[in-house]
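Student: Here you go, one structure.
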Amino acid sequence: MSLNQTFRNSITQYLVPVLPFLVLFALLIISQFHSYLFFHTTVEIFVVIVAVGIFMFSWNTRKLSRNGYFLFLGIVYLSVGTIDLMHAFSYKGMHIFPGIGANLPTQLWLEERYLLAFSLVLAPLFIGRKINESIVLGVYAAITAFLLLAVFYLKIFPDSYKEGIGLTPFKIYSEYLISALFLISAVILGIFREKFDGRVFVLLFLSFIINIVSELLFTLYIGVYDIFNMLGHLGELLSYYLVYKAIIEVGLTKPYNLMFLELKQADKQKDEFLSIASHELKTPITTIKGYAQILNGYLSKNKDSKSLVYVSKLELQIDRLGDLIKELLDVSRIQSRKLELNKERFNLTDLVKDVVEDMQYANKSHKIIVMGEVKKQIMADKHRISQVLINFISNAIIYSPKADKVIVKVFFDHKSVGVSVSDFGIGIKGSHLNKVFERFYQDKNRIRVSNGGLGLGLYISKEIIKKHNGKIWARSEKGKGSTFSFNIPLDGKTL
Amino acid sequence: MRKRILVCDDDQGISDVLTIILDQEGYEAYILNNGKGIQKKIEKFKPDLILLDIMMPGIDGKEITRILKRDQKTSKIPIIIFSALNNPDQIAKNIGADDFLAKPFNITDLVAKFKKHLS
């Protein structure tokens, strides 16, 4: 990819989605030259909408998630949003509450920020914990009511702004304290970062950091309509926008990442369990297979042909058991989309020859004939491709018990290299042909041989080839035989 | 002279069966059930090759490989990773082991790998 393209891609990826916001942001900045009150009210309305939105989202999903963190945050933001609404209504020039100056809205602002900052420090306590929603909601409703009363009626909240003088020391030191609390909450969030989806964490963290900047700007203004006040409000807007992205956007578009991270972790645990289970199952099989081979050696030496037949059957079943474990693990990986490829460059013809040599060694009933030679190399997972080859060839042998050969062809087809495996068995009925690649499919009409398996082999093969962007297909003529083929694109892209 | 193989595997069943197989195939086997003090035991036994399990309590096979490959005295001894994990080939590659053998194994494959690294 050229640099120019990368640049363009990153623009579409990161810039385009936030473009409408940037335009509104710019318009908002311009609007304050016309009316600061308009600017301020718009910012605060946005804040209230986000705050209420977070509450609505987390409240209505509370029964689905076992993580109390976001529900707690939702309740906190509802309280903060309520006080913020009062702050907006009482702002200088609004004339909703008659006879008040700039002191009261500033007091409300401090209350709201203290509440938010303290709550954010506490919030990590609820990560992964169920919370009693009525108690928390009740407590925050009481706190909110008290804070509003303290400012409007009891008038016990310290003065924050004095007309003609500006901010009181109480207000300035409070902002420092609030900044420190935001810093602490950001640090605590950092400590718990693995409990969050990566994107959610970054957004929340940035939002907390911007809060600090905002708070510090709010220590600098003299008039409630001046530049530092405006910058502080822009910071507040940005901070809420990030919280919106983190909780509402991620919560609605990728709910698993936000609310159900524990489910994602449970899925991971299931995968771990499966791989440990398969490891533990294979361990005794290794011992059993070892003794069976030792026994086989003794019996061969003593020319005990009858017992040798029994031991061979035993070995066959042991191998079958081992294969089943591998297949089950593969299917589980495919279903959880965790089939990973380790691609390398190699010559498919060489791989086919190696696999055929190994299989010929173990199978004396059929002659496996390799035809064709392609010099071009492919980029693929060697191990997985040989798994497909082994599956095709052993099927060909199993389903043509009366035949004495299997033909393996390597072919080049302008943009891909492929292999086809043909047998001379009973074939598959046309109506069944497209079903053979389905999970658990087994042709009931085909002769059941001892190494039947679960009917997962072709399904796994299909998924392996699909993952390589290749194609897999089957052709068959009843009574004459079947041909199974796959191809892998040379450039690794979809054919 | 018989070639000396050090087997390190925590599973008793596998250790037992390997003892018999290695003896039959004409090797001198020395079995360890964990990696504790493996360097001293190597010094004493002087193996020509090490067959090493991965999942073991205490120090696992990956760590043992790293230790042995870092130590000048043992770095030349071929290590064959011997595991029931699903990707022994990748593990061997990643940790710098010389080869791998998947469990369950065929005796012919085991002997072929020994011959390859003992020649």
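Taken in order, these protein sequences are the chains called A and B. So the first sequence is numbered by my numbering: it starts at 6 and just counts up by one. So the second sequence is numbered by my numbering: it starts at 25 and just counts up by one. Positions of the beta carbon are idealized from the N, C-alpha and C atoms, including for glycine. Please read these numbers as outputs of a predicted model, since none were measured by experiment.
Compare the C-beta of B:PRO112 with all C-beta atoms of chain A and state if any pair is closer than 8 Å.
Tutor: Taking the first residue of the second sequence as 1, we reach residue 112 of chain B at position 88. Not one chain A Cβ lies under 8 Å of B:PRO112.
Student: Using the three-state DSSP reduction, which class does A:THR87 fall into: helix, strand or coil?
Tutor: The residue labelled residue 87 of chain A in the question sits at position 82 within the first sequence. Helix.
Student: If you run the structure through DSSP and keep just helix, strand and coil, what is B:PRO102?
Tutor: Along the second sequence, one-based indexing puts residue 102 of chain B at 78. Coil.
Student: A:VAL379 by DSSP, collapsed to three states: which one?
Tutor: Reading the first sequence from its first residue, position 374 is the one you call residue 379 of chain A. Residue state, collapsed to three classes: coil.
Student: Take A:GLU468 and list the residues in its own chain whose beta-carbon comes closer than 7 Å to its own, dropping the five residues that flank it on each side.
Tutor: Stepping through the first sequence from its first residue, residue 468 of chain A is reached at position 463. Same-chain partners within the cutoff: ILE339, LEU344.
Student: Would DSSP call A:PRO532 helix, strand or coil?
Tutor: Since the first residue shown for chain A is 6 and the last is 500, residue 532 of chain A is missing from the structure and cannot be characterised.
Student: Given B:PRO112, which residues of its chain have a CB within under 6 Å of its CB, disregarding the five upstream and five downstream residues?
Tutor: Taking the second sequence and counting its residues from 1, one reaches residue 112 of chain B at position 88. Only ILE105, PHE124, ALA126 meet the Cβ criterion.
Student: Using only CA atoms, which one of B:GLU49, B:ASP84, B:LEU76 lies nearest to B:ILE55?
Tutor: For the purposes of this step, residue 55 of chain B is identified with residue 31 of the second sequence, where counting begins at 1. It is B:LEU76.
Student: When DSSP labels each residue in this structure, what does A:GLU168 get in the three-state scheme?
Tutor: Along the first sequence, read from residue 1 onward, the residue named residue 168 of chain A stands at position 163. Here A:GLU168 sits in coil by DSSP.
Student: Measuring only the C-alpha atoms, how far is A:ILE452 from A:VAL336?
Tutor: For the purposes of this step, residue 452 of chain A is taken as residue 447 along the first sequence, with counting starting at 1. For the purposes of this step, residue 336 of chain A is taken as residue 331 along the first sequence, with counting starting at 1. Confidence is the limiting factor: at A:ILE452 the pLDDT is only 46, short of 50, which leaves the residue's position unreliable, though a coordinate-based value still follows. So the two alpha carbons sit approximately 25 Å from each other.
Student: Quick one: what does DSSP say B:MET80 is sitting in, helix, strand or coil?
Tutor: In the second sequence, residue 80 of chain B corresponds to position 56, counting from 1. Three-state DSSP puts B:MET80 in coil, outside helix and strand.
Student: So, using beta-carbon positions, are B:GLN48 and B:ASP95 closer together than 8 Å?
Tutor: Looking up residue 48 of chain B in the second sequence gives position 24. Looking up residue 95 of chain B in the second sequence gives position 71. Contact flag unset, no.
Student: Starting from the Cα of B:GLY50, find the closest Cα among B:ILE115, B:LYS68, B:ASP33, B:VAL135 and give me that residue.
Tutor: Here residue 50 of chain B refers to the residue found at position 26 when the second sequence is read from its first residue. Measuring from the Cα of B:GLY50, the nearest candidate turns out to be B:VAL135.
Student: Could you give the distance in angstroms between the alpha-carbon of B:LYS60 and the alpha-carbon of B:ILE83?
Tutor: The residue given as residue 60 of chain B occupies position 36 in the second sequence. The residue given as residue 83 of chain B occupies position 59 in the second sequence. For B:LYS60 and B:ILE83, the distance between alpha carbons rounds to 7 Å.
Student: I'd like to know if A:ILE290 contacts chain B, where contact means its C-beta is closer than 8 Å to some C-beta of that chain.
Tutor: On the first sequence, residue 290 of chain A is found 285 positions in, with the first residue counted as 1. By this cut-off, A:ILE290 is an interface position.
Student: Are A:TYR230 and A:PHE51 closer than 8 Å when you measure CB to CB?
Tutor: Here residue 230 of chain A is taken as the residue at index 225 of the first sequence, counted from 1. Here residue 51 of chain A is taken as the residue at index 46 of the first sequence, counted from 1. Cβ atoms of A:TYR230 and A:PHE51: not closer than 8 Å.
Student: Are the C-beta of B:PRO128 and some C-beta of chain A separated by less than 8 Å?
Tutor: As a first step, residue 128 of chain B is located in the second sequence; it is residue number 104 there, counting from the start. So, interface residue.
Student: Based on the DSSP output, what are the partners of A:ASP349 in its beta bridges?
Tutor: Walking along the first sequence from the start, residue 349 of chain A turns up at place 344. One detail in the question is off: residue 349 of chain A reads as Glu in this sequence, not Asp. Paired residue(s): A:ALA385.
Student: Is DSSP giving A:ALA146 helix, strand or coil here?
Tutor: Your numbering for residue 146 of chain A matches position 141 in the first sequence. DSSP places A:ALA146 in helix when its eight states are reduced to three.
Student: If distances are taken between C-alpha atoms only, which option among B:ALA53, B:THR43, B:LYS27, B:ASN57 comes closest to B:ASP35?
Tutor: By 1-based counting over the second sequence, the position of residue 35 of chain B is 11. Checking every option, the nearest Cα to that of B:ASP35 belongs to B:ASN57.
Student: Taking 8 Å as the CB-CB limit, is A:ILE390 close to chain B?
Tutor: On the first sequence, residue 390 of chain A is found 385 positions in, with the first residue counted as 1. Chain B, which has no Cβ nearer than 8 Å to the Cβ of A:ILE390, makes this no.
Student: Identify whether A:GLU332 lies in helix, strand or coil by the three-state DSSP scheme.
Tutor: Indexing the first sequence from 1 puts residue 332 of chain A at position 327. Three-state result, A:GLU332: helix.
Student: Determine contact between the segment 372-391 of chain A and the segment 27-34 of chain B, defined as no fewer than three beta-carbon pairs at a distance below 8 Å.
Tutor: The segment 372-391 of chain A is not in contact with the segment 27-34 of chain B.
Student: Taking a contact to mean a Cβ-Cβ separation below 8 Å, would you say A:TYR296 touches B:VAL41 in this structure?
Tutor: Looking up residue 296 of chain A in the first sequence gives position 291. Looking up residue 41 of chain B in the second sequence gives position 17. Against a cut-off of 8 Å, the Cβ pair of B:VAL41 and A:TYR296 comes out as a contact.
Student: Assuming contact is defined by CB atoms lying nearer than 8 Å, are A:THR291 and B:ALA53 in contact in what I supplied?
Tutor: Numbered from 1 along the first sequence, position 286 holds the residue referred to as residue 291 of chain A. Numbered from 1 along the second sequence, position 29 holds the residue referred to as residue 53 of chain B. It is not a contact, given that the beta carbons lie outside the stated cut-off.
Student: Here's a check: name, in chain order, each residue in its chain whose Cβ is nearer than 8 Å to the Cβ of A:GLY106, leaving out the five neighbours to either side.
Tutor: Indexing the first sequence from 1 puts residue 106 of chain A at position 101. Within the same chain, A:GLY106 has close Cβ partners LYS97, TYR166, GLU168.
Student: Output the distance between the C-alpha atoms of A:ASP386 and A:LEU24, rounded to the nearest integer angstrom.
Tutor: For the purposes of this step, residue 386 of chain A is taken as residue 381 along the first sequence, with counting starting at 1. For the purposes of this step, residue 24 of chain A is taken as residue 19 along the first sequence, with counting starting at 1. If you take the alpha carbons of A:ASP386 and A:LEU24, they lie about 42 Å apart.
Student: So which residues on chain B does A:LYS294 lean against when the C-beta distance must stay under 7 Å?
Tutor: As a working note, residue 294 of chain A is residue 289 in the first sequence. Those are PRO128, listed as they occur along chain B.
Student: Between the C-alpha atoms of A:LEU115 and A:LEU222, what's the straight-line distance to the nearest angstrom?
Tutor: Residue 115 of chain A sits at position 110 when you count from the first residue of the first sequence. Residue 222 of chain A sits at position 217 when you count from the first residue of the first sequence. Approximately 14 Å, taken between the alpha carbons.
Student: Decide if the segment 344-358 of chain A is in contact with the segment 317-328 of chain A; the criterion is three or more beta carbon pairs, one per stretch, under 8 Å apart.
Tutor: Not touching, per the Cβ criterion.
Student: Taking A:SER305 as the query, report the chain B residues whose CB atoms sit under 9 Å from its CB, ordered along the chain.
Tutor: Taking the first residue of the first sequence as 1, we reach residue 305 of chain A at position 300. Per Cβ cutoff of 9 Å: no residues; A:SER305 is ~12 Å from chain B at best.
Student: Any beta carbon from chain B within less than 8 Å of A:SER455's own beta carbon?
Tutor: Here residue 455 of chain A refers to the residue found at position 450 of the first sequence. Any reading at A:SER455 must be qualified, since the residue scores a pLDDT of 42, below 50, and its modelled position is unreliable; the value itself is stated next. Chain B, which has no Cβ nearer than 8 Å to the Cβ of A:SER455, makes this no.
Student: From A:HIS473 to A:PRO494, what distance separates their C-alpha atoms?
Tutor: Here residue 473 of chain A refers to the residue found at position 468 of the first sequence. Here residue 494 of chain A refers to the residue found at position 489 of the first sequence. Rounded to the nearest angstrom, the two C-alpha atoms are 8 Å apart.
Student: From the DSSP output, in three-state form, read off A:ARG13 for me.
Tutor: Position 8 of the first sequence, counted from the start, is the residue given in the question as residue 13 of chain A. Residue state, collapsed to three classes: helix.
Student: Just checking, does the segment 143-150 of chain A make contact with the segment 73-91 of chain A on the three C-beta pairs under 8 Å criterion?
Tutor: Taking 8 Å as the limit for Cβ pairs, the verdict is that the segment 73-91 of chain A does touch the segment 143-150 of chain A.
Student: Kindly list the residues whose CB is nearer than 8 Å to the CB of A:PHE94, restricted to its own chain and excluding five residues on each side of it in sequence; keep chain order.
Tutor: Taking the first sequence and counting its residues from 1, the one referred to as residue 94 of chain A is at position 89. Cβ within range, chain order: ILE101, PHE102.
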